[in-house]
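Okay, structure first, notes after.
Numbering (full-length UniProt numbering), first residue to last: 1 to 924.
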C-alpha cells in the first residue's frame, strides 16, 4: 500500500518542482559547501555546489544568522591556482551574478582572508574580510556573449579563498541596456529603497529578479549620512504603476522620503569609485496633493551646474500620480564620496521626494587570452579529467595549473605540461594551433596514433612525448622547427627512419625504446641518445655546469665566512644603483670643526642631541651625539650604523658616517633644512604658515615610499618600529625622508613575526605588538595610520586636552568622528577649507584600516601608497578647479569632475573620457 501511495505522490512532486522552476526562470542559487537541496523562506530553491571538484567544505555558526545557506562555506588552497564555478547561460541575455562571503572563522585561525574574484578573464573585485560575522556581497550585471560564464577565486593575499553563496539571476528586459555593454560590465555599488519601513531589504518575490534593495534605515559608517533636517518617511498602500519588468518593484516605489524643509541631502561612499558609471533615480508621487500644491525640485551636485538644470515635476513627468518616473545617466563620472541634494524650486510649495536609487560602476572587460578557443578543444576531449575542470580563461587572471602564458595584454599560451595525466587517444590537433607554444610536455601517458604536424608552432623549443604508445613515422616537419632544442621520443612504437633534417639540427634527441625507428643506413643501438651538438659545444656545456657548481659552492662558503651578508643584503635603491658605499668613519676633530664645537643645536630626542655642521667639502650635516652611554644606548647606536650603512633610498635620510672616539658616539646624516613634520603640524612653524593638504599628501607618499622600501626592498626586510611625525624630516624642497633607525629590527625570513621586547613611542605603538610582543611590518602600518590622522587633523597623537573628556588618543577620537560620518569634526581648521572632501575621505578611511586592532586586517604599506596617490590625483584636479587653472582643470577633470555623456573606449582602464557634446540625462 505504501508504494502505491508513493506512485500517486510522484506527479505532485514533479508538478511542485516544475512550479518552482517556472517561478524562477534563469535562477541558479548555489549553497556553497551545502549538502541538500532546500527552499528558503523567500521561496528560492538552493542547491549544493557538489559539481565543484576542488576545495574543502566547512560548517560555520554565526550569532543571529539562521539562514541555511550561511551555515557552510567552500574554501580553497592559498596557492597560485584559480578555482572556478561555471554557469550555462543564454547568449545575448543580461544577467545579475551575486557572490557572498561569510567567514565565520571556518579555519579556526582568525586570519581574515583577502583574495580576488573574477568573471571569466576579468578581475571583478578584491574580497577583503574585516569582520568574521559580516557578509560581504558582490554583484555584477553583464550581457552574456557566450554560452557559459565562469566565476573564479584566486590570488589569496592572506588566509584562504572561500565562498558562501553564488547566485545567477536572468533579466528579460532592457533596463540595463547600454551602448557600452559589449566592453563593460556594471558593478553594483548602491541600490537603495528610500523611506523603507524596516531594515529588511526588499527582494524576491517582491522583486521578480531578486535584486536586493537595501533599506535606507541601515546604519553603516559613512553611508547615507548628513541627512537634512525635516526629512520624513512616507508610504502608501495604493498600487504604483512601474511600467517595466525590471524597474524597481512596487513595494519599493510605495515608500519614499520627503524634504519637508525644502531639501533632501545625503552623503555616501561608493564602492569602486571614483570612476564612470550608470545611475538612475526613481520617483513616484505617492502623496495626495491639493490642486494648489506643487512639487518641483532639481538635483544639486556640488560644482556641476549643468546637471542641476533638470527640473523634476513627478506628476507631470510620470503622466499622473502613482506612476513611476526614472531620470538617469547612462554615463556619469562619480567620486568615491558622493554628496547630493534634491532642492525644491522657488515656485514649488512642496519639498522634494525620492523613492529609490541605483548606481553601478562600469567595469572594463578583459578581452581574454588569444588561445582560449584552441585550448578549449583540448579540454573538451578530456572533459571528465580533473585537470580539465579548472574553468575560466586559460591565462587570466591567473593561468591554469598546467599552463604557462606570456605577459601580453591578450596573452598566449607558451607552455603545456600534461605529463602523467592518463591521456588516451591521439595527440589533440588543437595543440598545433598554439602559435606561441615553446614547451610541450605530454610524456607518461597512453597517447596513441601518429605525431601531428607542428609546423605552425615555430617557437617550440622542448617536446616531451616519451613513454606513450605513439606509432608511425616521425614527420619531417619536426626538422623544420627553427627553435627546437630538445625532442624526447623514447619508449613508444615509432618506426621508419629519422628524417635527415632532424639529424642536422643542434638538438638533444632521445628515441631509445622504439625498436623499429633508426637512422637511415645505420644499425646503431636504438637506446642511444643522438645529439647534433658538436664536441666543442658539449665541452662548453660541461664546463658551464662545472663552473656554476664551483661558483655556488664558493658563494655558500663566503656566506658562512661573512656573517654581515646574512643580516642585510645590499639592496637596489630607487634610482636603480646598487648601494655600494660603506659608511665613512669621521674623526672627532673633523666633527668638532664642522659643528664649530657643537655650537648650534637643531634637535634632540631620547637618543641624543643633534647639531648643525658643515664639512670642508661644503656638505651640510646633522651630527647626532649619543648622550645615553648605557648598554641599550650603545646597542641602538650599533644597530643604526649597521643598518644605515647598507640601505639607500631617496625617501630615507642619507647616512654619511659615524664617529666613536674619546667616549663619544656620533652619527652623521645629511642636513634636512625644513626640520620635522611634527614641527609643521603643531609646532612653532605652524604659526608662520600651515602646510597645505596637497603638500601633506605628498609628504605622506614620500614617507610611505621610504617605509615600503624597508618592508619590500631590503632582504631581509626591515621593520622601523618607531615611526612618528618627529622621525619624518623635510628637505629644502619639503620632500619627506624617514629617519631614526635605532629601534629598527630585521624580519626573519620565512617567519610571520619577530619576537621582541616592546619598544616605540606611546600613541604610535601597535596595541597588538604591545600585548603579544610579536613584531611584524603591520606594526609600522599602524604607526603610519596614526601619522595619517595627524596629517588630517593637525593634532598630536596623544593629548590631555584636544580630544575631550576620557579620551587622550587620536585613534579613538578620530574613529568616533569618522565612523559617524563627521569627518569635518577632525579636519585641521588651518586648512581653511582648501581641500577636496573626497580626497580627505579616502585618506581618513585608509587611516582607519591602518589602525585596525588586528595586524592581519591592516593593509600593506604598498596598498596605502596607492590610496595616497589616488587622493593626490583627486586633489590636484580639485585644486585646479578651486584656483581657476584651466590647464589643471583640463588635465585632471576626468578624475575630479562630474559629467554625463558617452564613453570613449580609447581611454585608460581606470578612467574613461567624456564627450560633453551629448552631456545630458536620459529619462527611460
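Note that the Cβ used here is the ideal one computed from N, Cα and C, for glycine as well. If you're wondering where the values come from, they're calculated on a predicted model, not measured in any experiment.
When 186, 491, 251, 168 are compared, the shortest CA-CA separation from residue 205 is found for 251. The shortest CA-to-CA distance from residue 788 to any of 698, 732, 710 is the one to 698.
With a contact defined as Cβ atoms closer than 8 Å, residue 325 and residue 314 qualify at about 6 Å. Across the structure, residue 828 and residue 861 are spaced so that their CA atoms are roughly 24 Å apart. Cα atoms of residue 144 and residue 118: separation of roughly 15 Å, rounded to the nearest angstrom.
Sequence-distant partners of residue 184 (beyond 5 residues in either direction) whose C-beta falls short of 7 Å from its own C-beta, in its chain, are 362, 363, 364, 365.
The three-state secondary structure of residue 400, taken from DSSP, is coil.
In the DSSP assignment, residue 59 falls within the beta strand (DSSP E) that extends over 56-59. In this chain, residue 444 is not harboured by any alpha helix (DSSP H), its DSSP state being neither H nor E. According to the DSSP secondary-structure assignment, residue 138 is paired through a beta bridge with 99. Separation of the CB atoms of residue 393 and residue 369 is rounded to 6 Å, and the pair is thereby assigned contact status at 8 Å. Fewer than three Cβ pairs drawn from the region 191-205 and the region 121-137 lie within less than 8 Å of each other, which leaves the two stretches out of contact.
By the criterion of at least three beta-carbon pairs nearer than 8 Å, the region 774-789 is in contact with the region 720-737. For residue 377, there is no enclosing beta strand (DSSP E); the enclosing alpha helix (DSSP H) has its first and last residue at 372-380. Between residue 736 and residue 831, the gap from beta carbon to beta carbon reaches 8 Å or more. Per DSSP, reduced to three states, the secondary structure at residue 48 is strand.
The straight-line gap separating the alpha-carbon atoms of residue 812 and residue 284 is approximately 43 Å.
Excluding its 5 nearest sequence neighbours in each direction, residue 481 has C-beta neighbours in its own chain below 6 Å: 460, listed in chain order. In this structure, 254 is the residue among 220, 254, 227 with its C-alpha nearest to the C-alpha of residue 234. With 16 or more other Cβ atoms inside 10 Å of its own Cβ, residue 492 counts as buried.
Of all alpha-carbon atoms in 55, 60, 487, 30, the one lying nearest the alpha-carbon of residue 47 is that of 30. Proximity of the region 73-85 to the region 148-162 meets the contact definition, three or more beta-carbon pairs being nearer than 8 Å. The criterion of a C-beta distance shorter than 8 Å is not satisfied by residue 404 and residue 367.
Shortest Cα-Cα distance from residue 210 to any of 28, 104, 33, 443 involves 28. Taking 8 Å as the cut-off, the Cβ atoms of residue 484 and residue 514 do not count as close. Only buried fits residue 437, as 16 or more other CB atoms lie within 10 angstroms of its CB.
Taking C-beta atoms as the reference points, residue 35 and residue 398 fail to come closer than 8 Å. Closest in alpha carbon position to residue 247, among 265, 213, 222, is 213. For residue 767, there is no enclosing beta strand (DSSP E); the residue is part of the alpha helix (DSSP H) that begins and ends at 767-772.
Within the same chain, 349, 350 come within 7 Å of residue 293 by CB-CB distance, once the 5 residues on both sides are set aside.
If you check the CB distance, residue 102 and residue 164 come in under 8 Å. The beta carbon of residue 152 sits closer than 6 Å to those of 82, 84, 118, 392, all from its chain and outside the five residues before and after it, given in chain order. Between the beta-carbon of residue 327 and that of residue 310 there is about 7 Å, and that keeps the pair under the 8 Å contact cut. Straight-line measurement puts the Cα of residue 402 at about 45 Å from the Cα of residue 222. Judged by their CB atoms, residue 263 and residue 342 are nearer to each other than the 8 Å cut-off.
Closest by C-alpha distance to residue 24, out of 427, 148, 799, 170, is 170.
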